[in-house]
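Numbering (this note's numbering), first residue to last: 12 to 436.
Glycine included, each C-beta is placed from N, C-alpha and C at the ideal position.
Some notes on the structure that comes next.
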RNA sequence: AGAGGAGUGGCAGAGUGGUCGAAUGCGGCGGUCUUGAAAACCGUUGAACCGCGAGGUUCCGGGGGUUCGAAUCCCUCCUCCUCUGCCA
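Rendered as structure tokens:
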């Protein structure tokens, strides 16, 4: 969530940011925040004053009791009754005011970075670069992946539907091996680049959901465990970033770079259309995620590094891709700047998002209370970032579609040592 | 899952109703000494909010209660440890 102080000190900046986000009545919303915060402060002032008085009376009573002046002590006690009930009343008022302030802040998205383009939807995203050749598939070798997986019997949707439901495929034989190869390849690459590998839980509690911003508004995205108040993670970002909730880090610990492989679960309620066939959208999929916690001065440099890292993975997989800078209307709620990386899947003739790399600045760390002791020993909110590196299903789709030949599908060279085979046939 | 024990500052650990945001030790930081370092000695060292400031308020696992007053008493939840059971 945004910091109230930031809104107060940079009102116009915040306002412009919310306009870029296409937030309705941004000026009113921001004013309401400031007004609620003022109210909160006033209540605190009043409450603290009374509490101070009450504290000093209590001290006096203590002193009187000690010196044996019981009657005087009893006399003073009478006066505390009124103060007590007033304090209690003010405390309740303070709590409800603060609660509604936080609830309001939860509804406000992050302020986009200056460079984020205006725009309403994916149409308005800015194509930053395009890399690699779009493959020209020969006739008869231009199948979409959902046909190829059937032909070679490597991924089975019907079987998954029998066990669980739609969107939970079973990977079989070379298909399963391909999954494992990709995960190992991604993790090895990340380790070489200086990321520490972690294996977090894939069920998280409510506090974690709030910490990274999946709650309160996106319950529709996460599967909830009945009776446990736990959620299946939609991305490893949630547990890995929440490892640092309520932490005050030392300056030397930054930047923190973690990588984790987890399955991801998304309900995707209402997100199913004609063009989400096969592996394009699933309820359960595998993803390797990189997460960084950085000094505010270095987060954009880190973002560029993460983007470059993901690009290099796609280069090694020999997949054509493009990099988008998302516009204000298409960016995730909590992000300040997001790059999407999309591979071209020639069998469908479509770009598929395989990675999203974002800088959240202090939006998450403010909820998380993730801070570090700065140069002047003041505690400062750190910046958090994350990116997919990479999400598997669409990578698999693109590999299958782009590399199909007469005799089968040829695997990218870099994966062969992990796969133990060269062709899916 | 059952029985018992425990949760205090970066760590260790005292404190069982008022003078406790909290002894002491270690660690960290600053200084003296030293060519430099170590040792020794001196000082300093939690967080949040409010206030121009002086200063005030809150926080001893979370929440609630008793009391004029709670780290300390009561209730409840959570976590960890030990033993028993179960299980990959």
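request  = Indicate whether the contact test is met: 3 or more Cβ pairs, each with one atom in the stretch 304 to 311 and one in the stretch 323 to 335, closer than 8 Å.
outcome  = The stretch 304 to 311 vs the stretch 323 to 335: no contact.
query = Okay, do the stretch 314 to 325 and the stretch 385 to 402 touch, 3+ Cβ pairs below 8 Å being the bar?
reply = Taking a cut-off of 8 Å for Cβ pairs, the stretch 314 to 325 and the stretch 385 to 402 touch, as three or more such pairs fall below it.
query = Under the three-state reduction of DSSP, which class applies to residue 252: helix, strand or coil?
reply = Working through the first chain from its first residue, we reach residue 252 at position 241. In this structure, residue 252 counts as helix in the three-state DSSP scheme.
message = If you measure between the beta carbons of residue 174 and residue 274, is that distance less than 8 Å?
response = In the first chain, counting from the first residue as 1, residue 174 sits at position 163. In the first chain, counting from the first residue as 1, residue 274 sits at position 263. Using a Cβ distance threshold of 8 Å, residue 174 and residue 274 do not count as a contacting pair.
request  = Determine the closest residue to residue 382 out of 419, 266, 120, with distance taken between C-alpha atoms.
outcome  = As a working note, residue 382 is residue 371 in the first chain. That would be 266, whose Cα lies nearest to the Cα of residue 382.
query = Would you report the Cα separation of residue 387 and residue 62, rounded to the nearest angstrom?
reply = Counting from 1 along the first chain, the entry for residue 387 is found at position 376. Counting from 1 along the first chain, the entry for residue 62 is found at position 51. For residue 387 and residue 62, the distance between alpha carbons rounds to 33 Å.
query = Quick one: Cα of residue 439 to Cα of residue 42, how far?
reply = Because residue 439 is not part of the residues shown, which for the chain are 12 to 436, the question remains open.
message = With three or more beta-carbon pairs closer than 8 Å as the criterion, would you say the stretch 12 to 21 touches the stretch 107 to 125?
response = When C-beta atoms of the stretch 12 to 21 are compared with those of the stretch 107 to 125, three or more pairs fall below 8 Å, so the two segments count as touching.
key: Where residue 158 sits in the DSSP three-state scheme   = As a working mapping, residue 158 is identified with position 147 in the first chain. If DSSP states are grouped into helix, strand and coil, residue 158 belongs with the helices.
Assumed close pair residue 449, residue 101 - CB separation to whole angstroms, cut-off 8 Å = Given that the chain is displayed from residue 12 to residue 436, the structure contains no residue 449 and the question cannot be resolved.
query = Quick one: Cα of residue 216 to Cα of residue 240, how far?
reply = Taking the first chain and counting its residues from 1, one reaches residue 216 at position 205. Taking the first chain and counting its residues from 1, one reaches residue 240 at position 229. Across the structure, residue 216 and residue 240 are spaced so that their CA atoms are roughly 7 Å apart.
inquiry  = My parser needs the alpha helix (DSSP H) runs of 4 or more residues fully inside the stretch 153 to 217; what are they?
reply    = Here the runs fully enclosed are 156 to 163, 168 to 174, 185 to 203.
task = Please name the residue or residues paired with residue 399 in a DSSP beta bridge.
result = For the purposes of this step, residue 399 is identified with residue 388 of the first chain, where counting begins at 1. Answer is 300, bridged to residue 399.
key: Sufficient close CB pairs (3 or more, under 8 Å) joining the stretch 181 to 188 to the stretch 73 to 93   = Short answer: they don't touch.
ask   = CA-CA distance, residue 472 and residue 194?
value = The question about residue 472 has no answer, for the chain in this structure spans 12 to 436.
ask   = When the distance is taken between beta carbons, is residue 108 closer than 8 Å to residue 51?
value = Here residue 51 corresponds to residue number 40 of the first chain, with the count starting at 1. Here residue 108 corresponds to residue number 97 of the first chain, with the count starting at 1. When the beta-carbon positions are compared, residue 51 and residue 108 come within less than 8 Å of each other.
request  = Could you check what DSSP says for residue 276 in three-state terms: helix, strand or coil?
outcome  = Position 265 of the first chain, counted from the start, is the residue given in the question as residue 276. Three-state result, residue 276: strand.
ask   = For residue 287, does the three-state DSSP call read helix, strand or coil?
value = For the purposes of this step, residue 287 is taken as residue 276 along the first chain, with counting starting at 1. Coil, per DSSP.
ask   = Can you name, in chain order, every residue of its own chain whose Cβ lies under 6 Å from the Cβ of residue 257, other than the five neighbours on each side?
value = On the first chain, position 246 is the one that residue 257 refers to. So the qualifying residues of the chain are 380.
query = If we call anything under 8 Å between Cβ atoms a contact, is residue 8 one with residue 270?
reply = Past the edges of the chain, shown from 12 to 436, lies residue 8, and the structure says nothing about it.
ask   = Name the DSSP beta bridge partners of residue 140, please?
value = Here residue 140 refers to the residue found at position 129 when the first chain is read from its first residue. Among the bridge pairs identified by DSSP, residue 140 is matched with 334.
key: DSSP state of residue 389 mapped onto helix, strand, coil   = Along the first chain, one-based indexing puts residue 389 at 378. Residue 389: coil per DSSP, three-state reduction.
Of the listed residues 197, 29, 67, 371, nearest to residue 324 (C-alpha basis) = For the purposes of this step, residue 324 is identified with residue 313 of the first chain, where counting begins at 1. Of the candidates 197, 29, 67, 371, 197 places its Cα closest to the Cα of residue 324.
ask   = From 355, 367, 297, pick the residue whose C-alpha is nearest to that of residue 349; which is it?
value = Working through the first chain from its first residue, we reach residue 349 at position 338. Of 355, 367, 297, the residue nearest in Cα terms is 367.
request  = Just mark residue 409 as buried or exposed, buried being the case when its beta carbon has 16 or more other beta carbons within 10 Å.
outcome  = Reading the first chain from its first residue, position 398 is the one you call residue 409. Residue 409 comes out buried.
query = For the 8 Å Cβ check, are there 3 or more pairs between the stretch 291 to 302 and the stretch 335 to 344?
reply = The answer is no - the stretch 335 to 344 does not touch the stretch 291 to 302, with fewer than three Cβ pairs under 8 Å.
task = Decide if residue 139 is buried, meaning its Cβ has at least 16 other Cβ atoms within 10 Å, or exposed.
result = In the first chain, residue 139 corresponds to position 128, counting from 1. Here residue 139 is exposed: its Cβ has fewer than 16 other Cβ atoms, across all protein chains shown, within 10 Å.
query = DSSP state of residue 40, grouped into three classes?
reply = Along the first chain, read from residue 1 onward, the residue named residue 40 stands at position 29. Helix at residue 40.
task = Report the three-state DSSP secondary structure of residue 367 (helix, strand or coil).
result = The residue given as residue 367 occupies position 356 in the first chain. Reduced to three states, the DSSP call for residue 367 is strand.
Per DSSP, cross-strand counterpart(s) of residue 356 = Taking the first residue of the first chain as 1, we reach residue 356 at position 345. Beta bridge pairing from DSSP links residue 356 with 361.
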